[in-house]
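Chains as they are written, first to last, in the numbering used here: chain V, 1 to 448; chain D, 449 to 747.
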């Protein structure tokens, strides 16, 4: 299929506002979410690292994520981690600088699966658990309810997270993927993870092992994460990371930090929302202070679907794309003239079946390993209970959440974890809002 | 013959539910007749007139008439079922045989891939069959055996299962007591590969008929492997000879939507041939209601 490539006139661009009105709700902050100090295989102390990132690198957010996955002399100790947390809290100044305490868990090498960063958990993980099993790692992260990311997901068996196999039950646990790590680029893995089913956002980090926290300037530029948050405070930054309101950028020259935002029907990148089939209104805003942008590429569902050729420092790109029934995403890549690049997090769009507007369904149907329960949410929903019944009327599974944005995933098992036999099952969804309660029914099928 | 009765009784009592089992649906146990719908679990203790696929084969021994019946049931969410059944007493008091066939359709539902792309409509059907034999042993003792099968057809898959039920019943005047063991058999093949253990059920029930059988009460206790034991009771009242009102009471805690109360009505003409029309109803709360209609003839 031939892709449209557009050319934007300079006059039209110069007249455009730098960001859409909805983008004004958040401010862009720059972060380096992956770095080490002397507590594992980096240099110096947390005080020095955070101060350098704040005063020299001029980043807004700096995380220290020392290894919690190695042997003696390589792994941060509980006392050291407690000190990182103390220093991070001490050096954090709302509105000026946020320091995050993190840890890098998982394993690489023989029998390994990859590394993950998780930030602001109260304690270190038991590394001998999270080192040995990817699932155990996911389980531990899920139990912490803190943002986490896939680090440098390579092509090798020891660092590709079981080929980024999708574990829907852990999806809220790992919500970010390192698209840039120093001079390494992981865009193929980013698109592969999205195709596999992960709902993840993009980050760019420096994985510092020397005294250049936030300022590591590789051959391809300085990798950072852009974070859209309402304030520069630790809670707001963590909320933005959890919401995947991020983009990965590699600036070249170093000072030329881009800004990139993507909204779909007014929903920020990173968000998952439901709508009817039809045209999605996309608002893409980008600015590059030092170097003109040359090209914007729009990706949807793994395909490059539209491009915009420009030669500007500020661009607002408004377009619409039709979507049909199913789960879709849109993300944008920006290319600077100087060689810098940015990748946005995706906006996730879901279109429930039109014919089954008042039905609950599962994706997929028939269910084999498991499926997402899909239904049309009511306005202001605060609580969702999903029950699965067999045909005899026995309730075999139940899920209750007060986070309506979360996907509800049925693993095809009963509440004791026993795989359900083949057959037809009935879904009963009860949504509650302050003003109403709505029941939605549907049926699904297990066929293994 | 005494030894045969003893053997069946011992076999029934000796069956201990195996390992914990999932809550799978065995289509031969789904109620397809109004009586099964109204009485639910107590139907085995209640009825001497097997029509559907779940019956107490020992009770067949008391059936001394030929019968033919057909029933349809409307389930929730566009799901339908039906059955036909027949009884035939053998000559010279050699017992009674019974056979039934059942059918379930899920109706159509939309298929989707894991990202929600439509795959067209899909459906599931189940066909079940059962054949039984009951024999009056001695005194008030009777024993029976039934063989059952079920074939569940899903898109590109088929599950096939076989099982046996055996029962023993003792009748003394207007009182009957029954022991029933259901779903004995090999593991249930799932798509020709994985095999699920059958959830064997052991039931103990009793029935008392009063006022020339115009009032019948029954109680049954069923322990099914992997499920909570469930007590149940049934009441059938015939205020006039042609009409019978049925009420069933179940305490099935695993079925929070199911009303504990089942209702039924049967109208029967009497003569050289008996014609029967029956209706059964049970609410399943937010899931919907279930109702069944049956027509039968006895001669």
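Where is the CB? At the ideal position from N, CA and C, for every residue including glycine. All values derive from a computational prediction rather than experimental measurement.
Per DSSP, reduced to three states, the secondary structure at residue 166 of chain V is coil, with no helix or strand assignment. DSSP places residue 515 of chain D in the strand class (E or B) of the three-state scheme. The segment 239-249 of chain V and the segment 203-212 of chain V touch, with three or more beta-carbon pairs separated by less than 8 Å. From the beta-carbon of residue 735 of chain D, the residues of chain V found nearer than 8 Å are 389, 393, 426, 428, 441. One thing to note: residue 148 of chain V has its Cβ no nearer than 8 Å to the Cβ of residue 179 of chain V. Pairing residue 438 of chain V with residue 388 of chain V gives a Cβ-Cβ distance that is not under 8 Å.
Residue contact with chain D for residue 350 of chain V: present (Cβ-Cβ distance below 8 Å to some residue of chain D). Burial check for residue 525 of chain D: the Cβ neighbour count within 10 Å reaches 16 or more, so the residue is buried. Assignment of residue 115 of chain V by DSSP, reduced to helix, strand and coil, places it in the strand class. In this structure, residue 349 of chain V keeps its C-beta atom at 8 Å or more from the C-beta atom of residue 277 of chain V. A Cβ-Cβ separation of about 7 Å places residue 517 of chain D in contact with residue 743 of chain D under the 8 Å criterion. Setting aside the 5 residues that flank it on each side, residue 398 of chain V is surrounded in the same chain by 387, each with a C-beta closer than 6 Å to its C-beta; the list follows chain order. The C-beta of residue 648 of chain D has 16 or more other C-beta atoms within 10 Å across all chains shown, which makes the residue buried. The Cβ atoms of residue 213 of chain V and residue 62 of chain V lie closer than 8 Å to each other. At least 8 Å separates the CB of residue 661 of chain D from every CB of chain V. DSSP places residue 234 of chain V inside the alpha helix (DSSP H), whose first and last residues are 234-242. In the DSSP assignment, residue 56 of chain V falls outside any alpha helix (DSSP H) and carries neither an H nor an E. In this structure residue 713 of chain D touches residue 693 of chain D by the C-beta definition: roughly 6 Å separates them, less than 8 Å. Taking all protein chains in view, the Cβ of residue 620 of chain D is surrounded by fewer than 16 other Cβ atoms within 10 Å, so the residue is classified as exposed. When V:188, V:133, V:409 are compared, the shortest CA-CA separation from residue 303 of chain V is found for V:188.
Nearest Cα to residue 223 of chain V within the set V:423, V:418, V:34: V:34.
In this structure the segment 356-372 of chain V touches the segment 406-425 of chain V; the number of beta carbon pairs closer than 8 Å is three or more. Contact note: residue 705 of chain D reaches chain V through 387, 389, 393, 395, 428, using a C-beta cutoff of 9 Å and chain order. In the DSSP secondary-structure assignment, residue 178 of chain V is bridged to V:203.
For residue 352 of chain V against residue 334 of chain V, the beta-carbon gap comes to about 32 Å, at or over 8 Å, which does not count as contact. The C-beta of residue 363 of chain V comes closer than 8 Å to at least one C-beta of chain D.
Non-local C-beta neighbours of residue 599 of chain D in its own chain, meaning closer than 6 Å and more than five positions away in sequence, comprise 575, 608, ordered along the chain. In chain order, 554, 557, 559, 570, 571, 572, 602, 603 make up the part of chain D whose C-beta sits under 9 Å from the C-beta of residue 445 of chain V. CA-CA distance, residue 659 of chain D to residue 689 of chain D, rounds to 12 Å. Within chain D, the residues whose beta carbon sits less than 8 Å from that of residue 366 of chain V are 559, 570, 602, 603, listed in sequence order.
Annotated three-state conformation of residue 270 of chain V is coil, per DSSP. Between residue 165 of chain V and residue 142 of chain V, the C-beta spacing is not below 8 Å.
Here the C-alpha atom of residue 50 of chain V lies approximately 7 Å from the C-alpha atom of residue 99 of chain V.
The beta carbons of residue 342 of chain V and residue 602 of chain D sit no closer together than 8 Å.
Selection V:36, V:40, V:431, V:59 evaluated against residue 215 of chain V yields V:59 as nearest (Cα-Cα).
Residues of chain V whose Cβ lies closer than 7 Å to the Cβ of residue 607 of chain D are, in chain order, 422.
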